[in-house]
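Student:
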Amino acid sequence: MHLAVTELVVPTNKSQAACELPYQDGRLPLLFLYGGVLAVGFPANLLTLRLTWLQVRRRSVLGVYLLALSLCDLGYLCTLPLWARYVHGGHVWAWSSAACRLTGFLFFTNMYVSIFLLVCVSCDRYVAVVYSLESRGLRRRRHAAAVTVAVLLAVSVGHAPVFSMREGEGGEGERRCFEPGRSATVTGFYYARFLLGFLLPLLLLVATNRGVLGGVRRSTGLRREQKERVRRLAVAVVMLFLVCFAPYHLVLLLRALLYSATSPPGCLMQRRLDAAYTASLALSTVNSAANPVLYVLSSHSVRRELRGGVAQLWTRLRPNQNQNQNQNQNQNQNQNQNQNTKNSLSPAGDDERPGKPPGS
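Position 243 (the sequence shown) corresponds to 243 in UniProt numbering; numbering is contiguous.
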């Protein structure tokens, strides 16, 4: 899958023939990755959507961000079947240009909304831990909702040009959908994505999680194992962000640097960049499947609610078996009562074996 909110630069027939990109290489691993992410991420986000909604109803400020994050990841995951079909077909878009533009818009908008919501979650935890007393009157659900809406609008406006760009004409010509090109506009978008969409969020994640660790370390009301759990979670948050998003944005930065040079990169470099771009963009989708486990299911209260919900669901799915068990229990109780009544009416000597006197 090759996506970028860029301008399309059409190469000449000579250069295109001399450097044909290997669209068929690595197709199966990508399809397996997309399928696995969708199979794990979609039900996990549906589950966390329910759990975070319960948190919001209980006036949880953090639950607002986590609820929006689950919705965002679900929208992101819904585009994966289309990209999987695109990759399977040798990068030939099978639908209209409008579908190409809409899918590209949803894919990248949800990616960067998810990134900024992760920052919001870390910032909210930092304020709640470091400024617990001062933030009591500031941390409100309506404030979190306003921040979420602002993030969504800002990212959506930034990706609105998708609907007017020539790369979105997937229903025409070679039927390519948002293949990366080389131009000044492309270079500008790559730099902006690296700085605003990756480097700035990464610095905020590191700073806020470091502050949370410092506040927890100074706390006297937490046990040692609780502090260790918080430390592991903070490290996991930063590492997951790096693993999922660093390769893709580093490839974007490398593209921007090469495209800013006076001489264009050679064919071998273009092929390597294309392979790295494809693999790194696919790797970024793993984040949508990992978020539910890392941010929602790692909470002790949420796990307790999940166990209770699973127990209730299991009870509802097995009414017949439970009814049969109750009937069997009732029958056993009736048989025991009848046997006790029968034994109480029988003489003591009846317990001996017939034909033999006692003590013989």
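All residues carry an ideal CB built from backbone N, CA and C; glycine is no exception.
Remember, it's a predicted structure, so these values are computed and weren't measured experimentally.
1. Should GLY75 and ASN110 be called a contact, given that it needs their Cβ atoms to be closer than 7 Å?
2. Look at HIS159 and PHE241 and say whether their C-beta atoms are less than 7 Å apart.
3. Which value, in whole angstroms, describes the spacing of the CA atoms of GLY221 and GLU134?
4. Can you confirm whether THR187, when its beta carbon is compared against all beta carbons of chain C, has any partner nearer than 7 Å?
5. Return the CA-CA distance between LEU281 and VAL87, expressed in angstroms with no decimal places.
6. Quick one: is the Cβ of LEU196 within less than 6 Å of any heavy atom of the ligand MG?
7. Check this for me: beta carbons of ASN249 and PHE178, under 7 Å apart or not?
8. When you compare the stretch 209-226 with the stretch 250-269, are there three or more beta-carbon pairs, one atom per stretch, that lie closer than 8 Å?
9. When the Cα atoms are used, what is the spatial distance from PRO347 to GLY308?
10. Please name the residue, chosen from VAL151, ALA236, ARG316, that lies closest to LEU196 on a Cα-to-Cα basis.
11. Going by beta carbon distance, what residues of the same chain come within less than 6 Å of SER156, once the five residues before and after it are set aside?
12. Starting from TRP53 and walking both ways along the alpha helix (DSSP H), at which residues does that stretch end?
13. Determine the closest residue to GLN55 out of GLU305, PRO161, VAL129, with distance taken between C-alpha atoms.
14. Can you confirm whether the stretch 38-51 touches the stretch 259-273 when touching is taken to mean that 3 or more C-beta pairs between the two stretches lie within less than 8 Å?
15. Quick check on the DSSP output: the alpha helix (DSSP H) that includes TRP83 runs from which residue to which?
16. Under a Cβ-count criterion, where at least 16 other Cβ atoms within 10 Å of its own Cβ denotes burial, should ARG101 be classed as buried or exposed?
17. Look at the alpha carbon of ALA146 and the alpha carbon of CYS72, and state the distance between them as a whole number of angstroms.
18. How many angstroms separate the CA atom of ARG231 from the CA atom of TYR190?
19. CB SER288 to CB LEU77, shorter than 7 Å?
20. List the whole-angstrom C-beta distance separating TYR65 from ALA144, where the pair is believed to meet the contact cut-off of C-beta under 8 Å.
21. Can you find the residues in the same chain that come closer than 7 Å, C-beta to C-beta, to TYR112, ignoring five residues on each side of it along the sequence?
22. Is LEU268 helix, strand or coil when you go by DSSP?
23. Are the beta-carbon atoms belonging to VAL212 and ARG136 less than 7 Å from one another?
24. Taking SER122 and LEU204 to be in contact with their CB atoms under 8 Å, please state how far apart those CB atoms are, rounded to whole angstroms.
25. Is the beta carbon of ASN209 sitting closer than 7 Å to the one on VAL251?
26. Report the rounded CA-to-CA distance for PRO161 versus LYS227, giving the unit in angstroms.
27. Ignore the nearest five residues each way along the sequence and tell me which others in THR79's own chain have a CB closer than 6 Å to its CB.
28. Report the three-state DSSP secondary structure of TYR277 (helix, strand or coil).
29. Using the Cβ count rule (16 or more neighbours within 10 Å means buried), how would you classify THR315?
30. Rounded to a whole number of angstroms, what is the C-alpha to C-alpha distance between VAL40 and PHE32?
31. Please report the distance separating the alpha-carbon of THR285 from that of VAL293.
32. Can you give me the C-alpha to C-alpha distance between ASN45 and SER70, rounded to a whole angstrom?
33. Just mark SER97 as buried or exposed, buried being the case when its beta carbon has 16 or more other beta carbons within 10 Å.
34. What residue range does the alpha helix (DSSP H) around HIS143 cover?
35. Can ARG142 and VAL61 be called in contact, C-beta distance under 7 Å?
36. Taking just the CA atoms, how far does PRO43 sit from GLY35?
Tutor: Taking the geometry as given:
1. The residue you call residue 75 lines up with position 75 of the sequence shown. The residue you call residue 110 lines up with position 110 of the sequence shown. Yes. Within cutoff.
2. Taking the sequence shown and counting its residues from 1, one reaches residue 159 at position 159. Taking the sequence shown and counting its residues from 1, one reaches residue 241 at position 241. Contact flag unset, no.
3. Locating residue 221 in the sequence shown gives position 221, where the first residue counts as 1. Locating residue 134 in the sequence shown gives position 134, where the first residue counts as 1. About 19 Å.
4. Protein chains in the displayed structure number just one, and chain C is not present.
5. Residue 281 sits at position 281 when you count from the first residue of the sequence shown. Residue 87 sits at position 87 when you count from the first residue of the sequence shown. C-alpha separation (whole angstroms): 13 Å.
6. This structure lacks the ligand MG, and indeed carries no ligand of any kind.
7. In the sequence shown, counting from the first residue as 1, residue 249 sits at position 249. In the sequence shown, counting from the first residue as 1, residue 178 sits at position 178. It should be pointed out that residue 249 corresponds to His in this sequence rather than to Asn. No, these two residues do not count as a Cβ contact at 7 Å.
8. In short, these stretches do not touch, since the Cβ pair count stays below three.
9. Position 347 of the sequence shown holds residue 347. Position 308 of the sequence shown holds residue 308. Reliability fails at PRO347, whose pLDDT of 45 lies under 50, so the model's placement of it is uncertain and the value that follows must be treated cautiously. Inter-residue distance for PRO347 and GLY308 is about 52 Å (C-alpha atoms, whole angstroms).
10. Within the sequence shown, numbered from 1, the residue matching residue 196 stands at position 196. Selected option, being the one with the closest Cα: VAL151.
11. For the purposes of this step, residue 156 is identified with residue 156 of the sequence shown, where counting begins at 1. Result list for SER156: THR109, in chain order.
12. Taking the sequence shown and counting its residues from 1, the one referred to as residue 53 is at position 53. Counting along the chain, the alpha helix (DSSP H) containing TRP53 begins and ends at 27-57.
13. Taking the sequence shown and counting its residues from 1, the one referred to as residue 55 is at position 55. Measuring from the Cα of GLN55, the nearest candidate turns out to be GLU305.
14. Judged by Cβ distances under 8 Å, the stretch 259-273 makes no contact with the stretch 38-51, as fewer than three pairs qualify.
15. Residue numbering aside, residue 83 sits at position 83 when the sequence shown is read from its first letter. TRP83: member of the alpha helix (DSSP H) spanning 80-88, first to last residue.
16. The sequence position of residue 101 within the sequence shown is 101, counting from 1. Buried is the call here.
17. Within the sequence shown, the letter at position 146 stands for residue 146. Within the sequence shown, the letter at position 72 stands for residue 72. Approximately 16 Å between the Cα atoms of the pair.
18. Within the sequence shown, residue 231 is the residue found at index 231, counting from 1. Within the sequence shown, residue 190 is the residue found at index 190, counting from 1. For ARG231 and TYR190, the distance between alpha carbons rounds to 33 Å.
19. Translated into positions along the sequence shown, residue 288 becomes position 288. Translated into positions along the sequence shown, residue 77 becomes position 77. In this structure, SER288 places its C-beta atom within 7 Å of the C-beta atom of LEU77.
20. As a working note, residue 65 is residue 65 in the sequence shown. As a working note, residue 144 is residue 144 in the sequence shown. With 8 Å as the limit, TYR65 and ALA144 qualify as a contact, their Cβ atoms being about 6 Å apart.
21. Looking up residue 112 in the sequence shown gives position 112. For TYR112, where only same-chain residues beyond five positions count, the Cβ hits under 7 Å are VAL155, GLY197.
22. Position 268 of the sequence shown, counted from the start, is the residue given in the question as residue 268. Collapsing the DSSP output to three states places LEU268 in a helix.
23. Within the sequence shown, residue 212 is the residue found at index 212, counting from 1. Within the sequence shown, residue 136 is the residue found at index 136, counting from 1. No Cβ-Cβ contact shorter than 7 Å links VAL212 with ARG136.
24. By one-based count along the sequence shown, residue 122 stands at place 122. By one-based count along the sequence shown, residue 204 stands at place 204. That belief holds up - the Cβ atoms of SER122 and LEU204 are roughly 7 Å apart, short of 8 Å.
25. Counting from one through the sequence shown, the residue named residue 209 turns up at place 209. Counting from one through the sequence shown, the residue named residue 251 turns up at place 251. No.
26. For the purposes of this step, residue 161 is identified with residue 161 of the sequence shown, where counting begins at 1. For the purposes of this step, residue 227 is identified with residue 227 of the sequence shown, where counting begins at 1. PRO161 and LYS227 have their C-alpha atoms roughly 46 Å apart.
27. Indexing the sequence shown from 1 puts residue 79 at position 79. Excluding residues up to 5 positions away in sequence, THR103, LEU106, PHE107 lie with their Cβ nearer than 6 Å to the Cβ of THR79 in the same chain.
28. By 1-based counting over the sequence shown, the position of residue 277 is 277. Annotated three-state conformation of TYR277 is helix, per DSSP.
29. Indexing the sequence shown from 1 puts residue 315 at position 315. By the neighbour-count rule (16 or more Cβ atoms within 10 Å), THR315 is not buried but exposed.
30. Taking the sequence shown and counting its residues from 1, one reaches residue 40 at position 40. Taking the sequence shown and counting its residues from 1, one reaches residue 32 at position 32. So the alpha carbons of these two residues sit roughly 12 Å apart.
31. Sequence index remark: in the sequence shown, residue 285 carries index 285 (1-based). Sequence index remark: in the sequence shown, residue 293 carries index 293 (1-based). A direct Cα-to-Cα measurement between THR285 and VAL293 gives close to 15 Å.
32. For the purposes of this step, residue 45 is taken as the residue at position 45 of the sequence shown. For the purposes of this step, residue 70 is taken as the residue at position 70 of the sequence shown. Distance between the alpha carbons of ASN45 and SER70: 5 Å.
33. If you number the sequence shown from 1, residue 97 lands on position 97. Flag for SER97 reads buried.
34. Along the sequence shown, read from residue 1 onward, the residue named residue 143 stands at position 143. Secondary structure note for HIS143: its alpha helix (DSSP H) is the uninterrupted segment 141-158.
35. The count along the sequence shown starts at 1 and reaches residue 142 at position 142. The count along the sequence shown starts at 1 and reaches residue 61 at position 61. No Cβ-Cβ contact shorter than 7 Å links ARG142 with VAL61.
36. Stepping through the sequence shown from its first residue, residue 35 is reached at position 35. Stepping through the sequence shown from its first residue, residue 43 is reached at position 43. Using only the alpha carbons, I get a separation of about 13 Å.
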